[in-house]
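Number of protein chains: 2
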Amino acid sequence: MPTQQLTTVGSAALDTVETPFGSVKDALGGSVFFIGAAGGLFAPVNIVAVVGDDFPMEEIDFLKKRNVNLDGLEIASGSTFRWEGRYHENMNIRDTISTELGVFEGFQPKLPQTAKDSEYLLLANIHPSLQIDVLGQMTSPRLVAFDTMNLWINTARDQVEEIISLVDMVIVNDEEITLLTGEASPVIGAHKIIEMGPRYVVVKKGEHGAVLINKDDSPFLCPAFPLVNAKDPTGAGDTFAGAMIGYLAATDDIGAFNIRRALVYGTIVASFAVEDFSLNRLKDLTMNEVEERFRQFRTMVEF
Amino acid sequence: MPTQQLTTVGSAALDTVETPFGSVKDALGGSVFFIGAAGGLFAPVNIVAVVGDDFPMEEIDFLKKRNVNLDGLEIASGSTFRWEGRYHENMNIRDTISTELGVFEGFQPKLPQTAKDSEYLLLANIHPSLQIDVLGQMTSPRLVAFDTMNLWINTARDQVEEIISLVDMVIVNDEEITLLTGEASPVIGAHKIIEMGPRYVVVKKGEHGAVLINKDDSPFLCPAFPLVNAKDPTGAGDTFAGAMIGYLAATDDIGAFNIRRALVYGTIVASFAVEDFSLNRLKDLTMNEVEERFRQFRTMVEF
Chain A
143 MPTQQLTTVG SAALDTVETP FGSVKDALGG SVFFIGAAGG LFAPVNIVAV
193 VGDDFPMEEI DFLKKRNVNL DGLEIASGST FRWEGRYHEN MNIRDTISTE
243 LGVFEGFQPK LPQTAKDSEY LLLANIHPSL QIDVLGQMTS PRLVAFDTMN
293 LWINTARDQV EEIISLVDMV IVNDEEITLL TGEASPVIGA HKIIEMGPRY
343 VVVKKGEHGA VLINKDDSPF LCPAFPLVNA KDPTGAGDTF AGAMIGYLAA
393 TDDIGAFNIR RALVYGTIVA SFAVEDFSLN RLKDLTMNEV EERFRQFRTM
443 VEF
Chain B
143 MPTQQLTTVG SAALDTVETP FGSVKDALGG SVFFIGAAGG LFAPVNIVAV
193 VGDDFPMEEI DFLKKRNVNL DGLEIASGST FRWEGRYHEN MNIRDTISTE
243 LGVFEGFQPK LPQTAKDSEY LLLANIHPSL QIDVLGQMTS PRLVAFDTMN
293 LWINTARDQV EEIISLVDMV IVNDEEITLL TGEASPVIGA HKIIEMGPRY
343 VVVKKGEHGA VLINKDDSPF LCPAFPLVNA KDPTGAGDTF AGAMIGYLAA
393 TDDIGAFNIR RALVYGTIVA SFAVEDFSLN RLKDLTMNEV EERFRQFRTM
443 VEF
């Protein structure tokens, strides 16, 4: 039977990252771990992904204590997906140095029953044909959110458009909106996406915050929390999405006003994630810290 | 005696501008006209600038009906300052095609008594030695706001630092903060500027809004109004600053909370300015339209 849980399917990776503030090698990465660590603060999360038999499973023990069910994390024979990237002085810009897909290349998501029965589904960035397949495995999801990337829009546009027509919420950045719709204006482009089916488009603007475009209501403008010690932006978008949908699952309220609040929680948890490399800051993050920063944020937007 | 008026000193120009949405030739431009048109919606504005004897004075008649005193607009023998620029598809990027200083090169601001007696001074982007000179001519200003550009930070840093130490509010963008302070983080950089003297730093982020950094209070995060028909961003920053300081002059309240509201009014008026080329949209803008969009904005930030 359907439950107030969050299921997410995406990548599980080991990241080698260099930023102006340091570097890590083969650190925990991939969308599902950021989503699990962030969403698990609010609601039970079911992770569906694949790692290789070289994956250091003990490093994700902390997720189990945080409401994260790893039954859907397949361990396949071979190497874990590895990504290596380097950020510029301005951390909005990064170069991908290498991508080794490993076992991720043959990933066929198989959802355990608990994952199927979740009412909240976050389709993180994987091939749209897999996203369509996962959605088909779900029992009766109440809210389906979707992320993608330029690569899939360029190489599998028909399937990207198909999955967009099936979901409730599209999470994109400015560049992806333009690529999807041909519109230079994110606002106009977001409304074109809504015409394709979804009720909500969440425009991620990184250090500039996010905007919620709503089919039936006025937009919501969500500034970013001002950061003084950002060290590594990797995973910030997944953390944002994970906290946002985790909050919706926990409150089980998908009305426009609650979705606004979900964006703010996403913003707040992401502001912690970037304060350290990999999942390091999320590991010991508490809801007390989140609520305290949420209150600070409120005082920063009053006028 | 001091009055609740705004005095501004800056450039008066004729702009030739091309954007993806059209072009204009020798159109009204320069900081003081945008500041006058925006600030004049709220409070009397005294413009101090210079034009050549080729300047079409009849085109600024509308400013007189809007509380703008042109006694400080000198008409010098020679050509008006001309700027030509072209915006890319992404209108955050522009190329300067030509700059002809004309009479602006020998500009020596001379303030009429009304301008000297104003309590609110907005030093728009001109050489810092002129800004220092103008500040010295003021009788007893209550709030002095200051804008600059990379050129002066690079070529006259000592004078830029001197004027910063004398003003109450610095209005800058991310790039200028980094150039001024060596800090990649705008928040940390803004606090370094505050250590130089000012109480307030307003960080302009263009289409991403603005942030107010405050010596004694938490930051204020001001998102941008979502634009669906931006045509020409020229003058948006000056319009923002003009409306902001004009609102402060009108309310005569420089407390932190009122400055937040001033940023919102700046954001709103600037959102109109970019909807047409040059000053075209500001010419017939009414306070009713401003207040209506202000109310819309409020509904867009609630959570």
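For the record, the sequence lines run as chains A and B.
Take 143 as the starting number for the first sequence in the numbering used here and just add one per residue.
Take 143 as the starting number for the second sequence in the numbering used here and just add one per residue.
Glycine is no exception: its CB is placed at the ideal position from the N, C-alpha and C atoms.
| query | result |
| --- | --- |
| Could you confirm whether any beta carbon from chain A is found closer than 8 Å to the beta carbon of B:G388? | no |
| What residues in its chain sit with their C-beta under 8 Å from that of A:L272, if we drop five residues either side in the sequence? | V151, F249, Q250 and P251 |
| Out of curiosity, what's the CA-to-CA distance linking B:H230 and B:H269? | 28 Å |
| Is the Cβ-Cβ distance between A:L285 and A:V276 less than 8 Å? | no |
| Look at B:G181 and B:L148 and say whether their C-beta atoms are less than 8 Å apart. | yes |
| First and last residue of the beta strand (DSSP E) that includes B:L243? | Careful: B:L243 lies outside any beta strand (DSSP E) and carries neither H nor E. |
| Does the beta-carbon distance from A:F367 to A:L354 come in below 8 Å? | no |
| By DSSP, does A:R228 sit in helix, in strand, or in coil? | strand |
| Taking the beta strand (DSSP E) that A:A218 falls in, what are its first and last residues? | V210 to A218 |
| Given a threshold of 16 other Cβ atoms within 10 Å of its Cβ, counted over all protein chains shown, does B:P340 qualify as buried or as exposed? | buried |
| Going by CA-CA distance only, name the one from B:V193, B:G214 and B:A169 that's closest to B:D157. | B:A169 |
| For B:D316, tell me which candidate among B:F163, B:I335, B:I202 and B:E431 has the shortest Cα-Cα distance. | B:I335 |
| Comparing C-alpha positions only, which one of A:T290, A:V187, A:I274 and A:K258 sits nearest to A:M280? | A:K258 |
| By Cβ distance, which residues of its chain are closer than 6 Å to A:A412, with the 5 residues on each side in sequence left out? | A378, T381 and F382 |
| Using a C-beta to C-beta distance shorter than 8 Å, which residues of chain B count as neighbours of A:N232? | A326 |
| Three or more C-beta pairs under 8 Å: does that hold for the stretch 393-406 of chain A against the stretch 192-199 of chain A? | no |
| Could you give the distance in angstroms between the alpha-carbon of B:K167 and the alpha-carbon of B:V443? | 38 Å |
| In angstroms with no decimal places, state the Cα-to-Cα distance between A:N430 and A:V159. | 29 Å |
| Looking at the structure shown, is A:Q250 part of a helix, part of a strand, or coil, going by DSSP? | coil |
| The stretch 344-371 of chain B: which residues have C-beta closer than 7 Å to a C-beta of chain A, in chain order? | K347, H350, G351, V353, S360, P361, F362, L363, P365, P368, L369 and V370 |
| How many whole angstroms separate the CB atoms of B:G384 and B:G178, which I take to be in contact at a CB cut-off of 8 Å? | 7 Å |
| In this structure, how does DSSP classify B:N267 when only helix, strand and coil are distinguished? | coil |
| In whole angstroms, what is the alpha-carbon distance linking B:Q146 and B:T393? | 8 Å |
| Have a look at A:E373 and A:P162 and give me their C-alpha separation to the nearest angstrom. | One detail in the question is off: residue 373 of chain A reads as Lys in this sequence, not Glu. Whole-angstrom Cα-Cα distance: 8 Å. |
| Contact criterion: CB-CB distance below 8 Å. Does B:E184 meet it with respect to chain A? | Correcting the residue identity first, residue 184 of chain B is Phe in this sequence and not Glu. By this cut-off, B:F184 is not an interface position. |
| Can B:V314 and B:V343 be called in contact, C-beta distance under 8 Å? | yes |
| Quick one: give me the first and last residue of the alpha helix (DSSP H) that A:S420 is part of. | Run containing A:S420: none; DSSP gives neither H nor E here. |
| Please report the distance separating the alpha-carbon of A:E261 from that of A:S360. | 26 Å |
| Starting from A:M442, find everything on chain B with Cβ-Cβ shorter than 8 Å and list it in chain order. | S360, P361, F362 and L363 |
| Under the DSSP definition of a beta bridge, which residues are partnered with A:D346? | One detail in the question is off: residue 346 of chain A reads as Lys in this sequence, not Asp. For A:K346, which the question treats as bridged, DSSP gives the partners A:N315 and A:A352. |
| Does any C-beta atom of chain B lie closer than 8 Å to the C-beta of A:F419? | no |
| Is the beta carbon of B:I295 closer than 8 Å to that of B:L321? | yes |
| From the DSSP output, read off the bridge partner residues of B:F223. | B:A155 |
| Determine the chain A residues that contact B:V329 at a beta-carbon separation under 8 Å, and present them in chain order. | P368, L369 and V370 |
| Give a yes or no on whether 8 Å exceeds the smallest Cβ distance from B:F445 to chain A. | yes |
| Enumerate in chain order the residues of its own chain whose CB-to-CB distance from A:S221 is below 8 Å, with the five nearest sequence positions on each side excluded. | G194, D196, E242, G244 and V245 |
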